[in-house]
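Sequence order for the protein chains is A and B.
The working numbering applies: residue 644 is where the first sequence begins, and numbers increase by one.
The working numbering applies: residue 176 is where the second sequence begins, and numbers increase by one.
C-beta atoms are modelled at their ideal positions from N, C-alpha and C, and glycine is treated no differently.
Note that the structure is predicted; figures quoted are calculated from it, not measured.
Please read the structure below before turning to the comments.
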Amino acid sequence: MSEELSDGVKELESMISEEYKYGFTTDVEYEDFPKGISEEIVRELSRVKEEPKWMTDFRVKAYHAWKEMEEPTWFNATYNKPDFENMLYYSAPKKKPQLDSMDDVDPNIRETYEKLGIPLEEQKMLSNVAVDAVFDSVSIFTSFKEKLAEAGVIFCSMSEAIKEHPELIKKYLASVIPVRDNFYSALNSAVFSDGSFCYIPKNTKCPMELSTYFRINNMNSGQFERTLIVAEEGASVSYLEGCTAPMYDENQLHAAVVELVALDDADIKYSTIQNWYAGDENGKGGIYNFVTKRGICKGKNSHISWTQLETGSAVTLKYPSVILQGDNSVGEFYSVAVTTKKQQADTGTKMIHLGKNTKSTIISKGISAGQSNNSYRGEVKISKNATGSKNYSVCDSMLIGQECGAHTFPYISSENSSSSVEHEATTSRVGEEQIFYLMQRGISEQDAISMIINGFVKDVLKELPLEFAVEANKLLDVKLEGSVG
Amino acid sequence: MLEIKNLHAKVEGEDIHILKGVNLKVNAGEIHAIMGPNGSGKSTLSKVVSGHPEYEVTEGEILFNGEDITELDADERAHLGLFLAFQYPVEVPGITNKTLLREAYNTIARANDREELDPIEFEDYIESKLDIINMKDEFLSRSINTGFSGGEKKKNEIFQMAVLNPVLSFLDETDSGLDIDALKVVSDGVNKIANDKNAIVMITHYQRLLNYIKPDFVHVMMAGKLIKSGGIELAEDLEANGYDALEKELVLNGEAQ
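Spelled out as structure tokens, the structure:
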């Protein structure tokens, strides 16, 4: 390709840097805390949320642990550190005390979700998806509760779960990701405001897809949500998570913690479409997406699968992982990470094989455009006792234009000789030749580009649940479609 | 059908011209062969005619059925019935041959106000073309050229040609990298596709291909120009004496610059 970017590639760049469509703000009245963090703020947060003492203690302990920890710097990204003293740790729309139906939700907030294409009203909803909507710090509404309850499934906000299901929360909260696991998990444990809790009882197949939509609206608020999913023996569930935020010049922090627990023969499929605001073309504003996600295949024959489509955020540091403790358990990670403009993503997974005959699959597809930087970082560890285990990893990167970067950091270790680890990595450039080849066959430039990208991410998108795949395709189109035609 | 007049072209942003005044006329029902040494501009000619964005036409014009197509995009030229069998077919992982061809076939049909084929009709249509190139069914559901052997890639180009049924096809070194069996299959395919309504321009380095596909005209390209035209005997002459001998002869006659 000539030194200047060819028209085709320029076109592709402009398609990919399509304006962010979810950047509006919603005008609602807030109940905020003063900025900054201290033990008093943490206690106050717990008090406002009317939490039991054990929860307050959990938070305070986490706060002190966090105070002693250092902010990590080992990843492949540079950014201004979040100003923890200038952040809101609790920001909730002023609301009525109890929401019994959609009619009680602030109409402005309802409108927000409608604009986002997330219908909260049950009759309008996709036939088989239950939604928990988290607006800034608070869960606004959870739909289809009764129907789920009939099956014995608990799906509610974390705040509610702490009050209604304390035994389950005490047993499983921080059981997969200890408070001190890392800087951001400690911070989250101290100040998490809400999130979703999901419990699938023994031998139950959750009758519908479960879904949470996260929305950061308030300018200075960090979002610290906490999600916990427990699948009992023989239970199965598919869970979807979507995220958007308005455009602000300031960076906002999103530091979530997600824990999954799968007991014997249980199956958890967790899918994410992350489309937080990515900042402008000069790298101003956007979300810091510093999320800890980890699942444990605790029981034999259990199965945990992470699928993610990461298109948003200024900086993403995220490694959804699986601890394969039960014999014959299976962990999977399917990821598409798209970075454009000045976005930076350092994302990947960890597969920790502890049980015998455990299997893991990693398929990671990174697409970098503009001046962005996209890194895959993955660890596969097969311990001494995990005999007969297998891992298969594919990390493919696609570059669009000349100024972006793609990096792969695989860490592999196997402590026994009966296990096998396979790792493949490729880097390709969407070039003139591919576009020309398809155009020569009569296909328009826009369709050619979309074909190339779709072909590249196909192996991952086919893992998404149907309801989400449609949305994922739309989102990719928004990112990819542009002025052509 | 095709008329190239005094065509000058260079890589966009660079100074040196690769095509320096090409003239060529191709009528329906004709098969042409363009031969020439490496770097003479043969492949560039096929890319410029099919609208590769890397090249800039600085002088001259390309007329296709009387219409000046010099400024058209590659897809628009394809809609008119122009096809290029690539020297190095490009891999597009994740998209099957069938998907590409259905998209391509229907896009071209739409552009020409012809009826599109629905997936079932297209299935029948595409299956009927497999024989032309001795292709197995499973070929259709493989990703475009991905992991194909060199021979399979070349076969796939001719298969695509059969499906899209172009008016004018440029075959850019379709014979290179083929063993003798594959060469026979590919040539048979081309011969089956050729008829009195379409035309084919083969670009090749070697005379070998011309034993299988008989051209009506042979042109020799050197230094960005077609310097000599004739019948099949010209190719035989080249095979026997090489390009150097021809060049010397032309210099002696004052015909080459």
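Once you ignore the five residues that flank residue i on each side, which residues in its own chain have a CB closer than 8 Å to its CB?
i	result
A/MET1082	GLU1088 and ALA1091
B/GLU290	ALA284
Name the residue from the options whose alpha carbon lies nearest to the alpha carbon of residue i.
i	options	result
A/TYR962	A/TYR706, A/SER828, A/ALA804 and A/GLU728	A/SER828
B/GLY364	B/ARG383, B/GLU348 and B/ILE388	B/ILE388
B/VAL267	B/LEU275, B/VAL232 and B/ALA420	B/LEU275
A/THR982	A/ALA720, A/LYS1002 and A/ASN1028	A/ALA720
A/GLY1044	A/SER1003, A/PHE1052 and A/ARG1072	A/ARG1072
A/GLY1048	A/ILE820, A/ASP989, A/ILE966 and A/LYS1027	A/ASP989
B/MET396	B/ASN373, B/LYS195 and B/MET176	B/LYS195
B/LYS370	B/LYS304, B/ALA203, B/GLU187 and B/LEU199	Note that residue 370 of chain B corresponds to Asn in the displayed sequence, not to Lys. When only C-alpha atoms are compared, the closest one is B/ALA203.
A/ALA1012	A/HIS1050, A/GLN986 and A/GLU884	A/GLN986
A/PHE1099	A/GLY1085, A/ASN1116, A/ILE1086 and A/LEU1109	A/ASN1116
A/LYS993	A/GLY1009, A/SER1056 and A/GLY955	A/SER1056
B/TYR230	B/ASN366, B/LYS180 and B/LYS185	B/LYS185
B/ASP293	B/ASN287, B/ALA286 and B/GLU278	B/GLU278
B/ASP129	B/LEU199, B/ILE179, B/LYS273 and B/SER324	This structure cannot settle anything about residue 129 of chain B, because the visible part of chain B is limited to 176 through 432.
Are residue i and residue j touching if we call contact CB-CB under 7 Å?
i	j	result
A/VAL1023	A/VAL1064	yes
B/GLY235	B/LEU182	yes
A/VAL1068	A/ASN1017	The question names Val, yet the displayed sequence has Ala at residue 1068 of chain A. No, the pair does not count as a contact, with Cβ atoms beyond the cut-off.
A/ALA905	A/TYR706	no
B/GLU332	B/PRO264	yes
A/ASN971	A/LYS943	yes
A/GLY955	A/GLN895	no
A/VAL1103	A/ILE1006	yes
A/TYR931	A/VAL958	yes
B/GLU205	B/ALA374	yes
A/ILE1086	B/THR282	yes
B/PHE239	B/PRO341	no
A/GLY928	A/LEU967	no
A/SER802	A/LYS692	yes
B/PHE334	B/VAL376	no
A/LEU853	A/TYR882	yes
Could you round the C-beta distance between residue i and residue j to whole angstroms and report it? I think they count as a contact, below 8 Å.
i	j	result
A/GLY969	A/ASP910	About 12 Å separates the two Cβ atoms, so there is no contact after all.
A/GLN1014	A/LYS1033	That belief does not hold up - the Cβ atoms of A/GLN1014 and A/LYS1033 are roughly 38 Å apart, past 8 Å.
B/ALA410	B/THR349	The Cβ separation is near 16 Å, so there is no contact.
A/PHE840	A/ALA898	That belief does not hold up - the Cβ atoms of A/PHE840 and A/ALA898 are roughly 18 Å apart, past 8 Å.
B/GLY326	B/ASP354	7 Å
A/MET730	A/GLY838	Going by Cβ atoms, the distance from A/MET730 to A/GLY838 rounds to 18 Å, so no, they are not a contact pair.
A/ILE843	A/VAL880	5 Å
B/GLY216	B/ILE179	Actually they do not touch by this definition, with Cβ atoms about 12 Å apart.
Please list the partners that residue i has in chain C, where partner means a Cβ-to-Cβ separation under 8 Å.
i	result
A/SER1087	Absent from the structure: chain C. Protein chains present are A and B.
Leaving out five residues on either side along the sequence, give the residues of the same chain with a beta carbon under 6 Å from the beta carbon of residue i.
i	result
A/SER948	LYS912 and GLU975
A/THR950	SER914, TYR977, GLU1106 and LEU1107
B/ALA337	LYS304, ILE307 and ILE368
Any Cβ of chain A within less than 7 Å of the Cβ of residue i?
i	result
B/HIS192	no
B/SER221	no
B/ALA184	no
B/ALA374	no
B/LEU259	yes
B/VAL395	no
B/GLY322	no
B/GLU278	yes
B/SER225	yes
B/ILE270	yes
B/VAL267	yes
Between residue i and chain B, is any beta-carbon pair separated by less than 7 Å?
i	result
A/LYS1101	yes
A/MET801	no
A/ARG1084	yes
A/TYR733	no
A/TYR1080	yes
A/GLY969	no
A/GLY1098	yes
A/MET1094	yes
A/GLU1076	yes
Near residue i, which residues of its chain fall below 7 Å by C-beta distance, leaving aside the five closest residues on each side in sequence?
i	result
A/TYR847	According to the sequence as given, residue 847 of chain A is Thr; it is not Tyr. Closer than 7 Å at the Cβ level, and outside the excluded window around A/THR847, lie ALA794, GLY795, VAL796 and ALA878.
B/GLY269	SER318
B/LYS328	PRO264 and ASN320
A/LYS767	Annotation note: pLDDT 40 at A/LYS767 (below 50); position unreliable, coordinate value reported separately. Within the same chain, A/LYS767 has no close Cβ partners at all.
A/LEU1077	For clarity, residue 1077 of chain A is Gln in the given sequence; the question names Leu instead. Closer than 7 Å at the Cβ level, and outside the excluded window around A/GLN1077, lie ILE1095.
B/GLU428	Looking at the sequence itself, residue 428 of chain B is Asn, so the reference to Glu does not match. If we look at B/ASN428 and ignore the five residues flanking it on each side, it has no Cβ neighbours.
A/LYS845	GLU875, GLU876, GLY877 and ALA878
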